[in-house]
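Numbering (the numbering used here), first residue to last: 206 to 494. The beta carbon of each residue, even a glycine, is placed where N, CA and C say it ideally should be.
Structure representation (structure tokens):
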């Protein structure tokens with residue numbers, strides 16, 4: 206039974222997932238659920254992005270407490286440097302070919318002047334080997350963002366994490382089909398499969414009547430999600446990485462919304478290993494493919 210009121214739909218709004226970008230088997234941009242005017246604006250935003258500036262290493266990661274000093278949380282070596290300004294000791298910037306989940310505050314994109322934009326970004330390329338990411342985005346209201354991310358610290362394997370795993374597997378599988386066409390017994394239409402999997406996954410997570418009572422936001426049945434995603438691709442580097450339990454921001458997730466101590470909402474980007482632990486975090490991207 207569905208009884209979502211107009212007020213609920215307005216206050217707890219989140220759009221259906223939209224897809225845009227490139228796949229190794231395609232010459233043209235792939236597009237799903239994204240109006241033409243948003244395609245141009247999203248493309249312009251993508252062009253401006255670069256590699257992240259804040260980062261965490263994942264090779265020798267250890268669990269950290271949420272109460273630890275926020276500066277030290279950027280460092281996860283067993284023996285963190287005494288001076289975080291020592292550039293020679295800084296970990297590398299993110300991980301290539303591991304997807305980024307992100308949250309952008311209102312007005313980050315022209316088509317979302319009062320809404321947040323959430324999504325997933327993974328480096329990819331087209332059939333001519335031109336680098337260009339594959340991106341999934343959604344627009345969301347402030348109320349949806351507040352309630353959804355209120356449980357993110359305890360439930361990091363959420364909708365965005367699961368969506369990022371789908372995008373990663375699609376890109377690697379599509380790449381394999383292009384490079385080794387004779388070795389792929391069960392060839393698939395990567396774009397069609399991507400759309401089906403994202404829509405199936407979203408059906409497990411999208412708002413419903415339970416959200417009227419603050420229930421199930423961010424929660425997703427991990428077993429059902431894994432059945433949709435399937436096993437990770439053998440070339441996926443996230444398989445070899447071990448992240449840390451928490452993001453490095455002491456004000457997470459409050460940094461996403463304007464408060465007395467935070468005049469303006471902050472954007473956030475992060476990467477996760479296969480267990481949902483965090484391997485990189487950034488307040489902006491600089492130079493990502």
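### Task
Quick one: using the 10 Å Cβ neighbour count with 16 as the cut-off for buried, is residue 344 buried or exposed?
If you number the chain shown from 1, residue 344 lands on position 139. Buried, by the Cβ-count rule.
### Message
Taking 8 angstroms as the cut-off, does the stretch 373 to 380 touch the stretch 428 to 440 (at least 3 CB pairs, one atom from each stretch)?
### Response
yes
### Task
Please state if the CB of residue 307 and the CB of residue 246 are separated by a distance shorter than 8 angstroms.
Taking the chain shown and counting its residues from 1, one reaches residue 246 at position 41. Taking the chain shown and counting its residues from 1, one reaches residue 307 at position 102. No. Outside cutoff.
### Query
Run through DSSP, which three-state label would residue 337 get?
Taking the first residue of the chain shown as 1, we reach residue 337 at position 132. Coil at residue 337, not helix or strand.
### Task
Classify residue 223 as buried or exposed, calling it buried when 16 or more other Cβ atoms lie within 10 Å of its own Cβ.
Counted from its first residue, the chain shown places residue 223 at position 18. The residue is buried, with at least 16 neighbouring Cβ atoms inside 10 Å.
### Boundaries (first-last residue) of the beta strand (DSSP E) holding residue 323
Residue numbering aside, residue 323 sits at position 118 when the chain shown is read from its first letter. Where residue 323 is concerned, the enclosing beta strand (DSSP E) stretches over 321 to 327.
#### Entry: Given residue 254 as reference, the closest of 474, 432, 399 once Cα atoms are compared
Sequence index remark: in the chain shown, residue 254 carries index 49 (1-based). Of 474, 432, 399, the residue nearest in Cα terms is 474.
#### Entry: Expected contact under 8 angstroms - CB spacing of residue 339 and residue 384 to nearest Å
Your numbering for residue 339 matches position 134 in the chain shown. Your numbering for residue 384 matches position 179 in the chain shown. Wrong, their Cβ atoms sit about 17 angstroms apart, outside the cutoff.
### Message
Just to confirm my understanding: we take residue 313, look at its own chain, exclude 5 residues before and 5 after, and list those with CB closer than 7 angstroms. What are they?
### Response
As a working note, residue 313 is residue 108 in the chain shown. Within the same chain, residue 313 has close Cβ partners 322, 472.
### Query
Sorted by chain position, which residues of the same chain lie with C-beta nearer than 8 angstroms to residue 332's C-beta, five sequence neighbours on each side aside?
For the purposes of this step, residue 332 is taken as residue 127 along the chain shown, with counting starting at 1. Excluding positions up to five away in sequence, the list reads 229, 230, 231, 232, 383.
### Query
For residue 308, which beta-bridge partners are listed by DSSP?
Position 103 of the chain shown, counted from the start, is the residue given in the question as residue 308. DSSP output for residue 308 lists 323, 473 as bridge partner(s).
### Query
How big is the Cα-Cα spacing for residue 487 and residue 309?
Your numbering for residue 487 matches position 282 in the chain shown. Your numbering for residue 309 matches position 104 in the chain shown. So the alpha carbons of these two residues sit roughly 12 angstroms apart.
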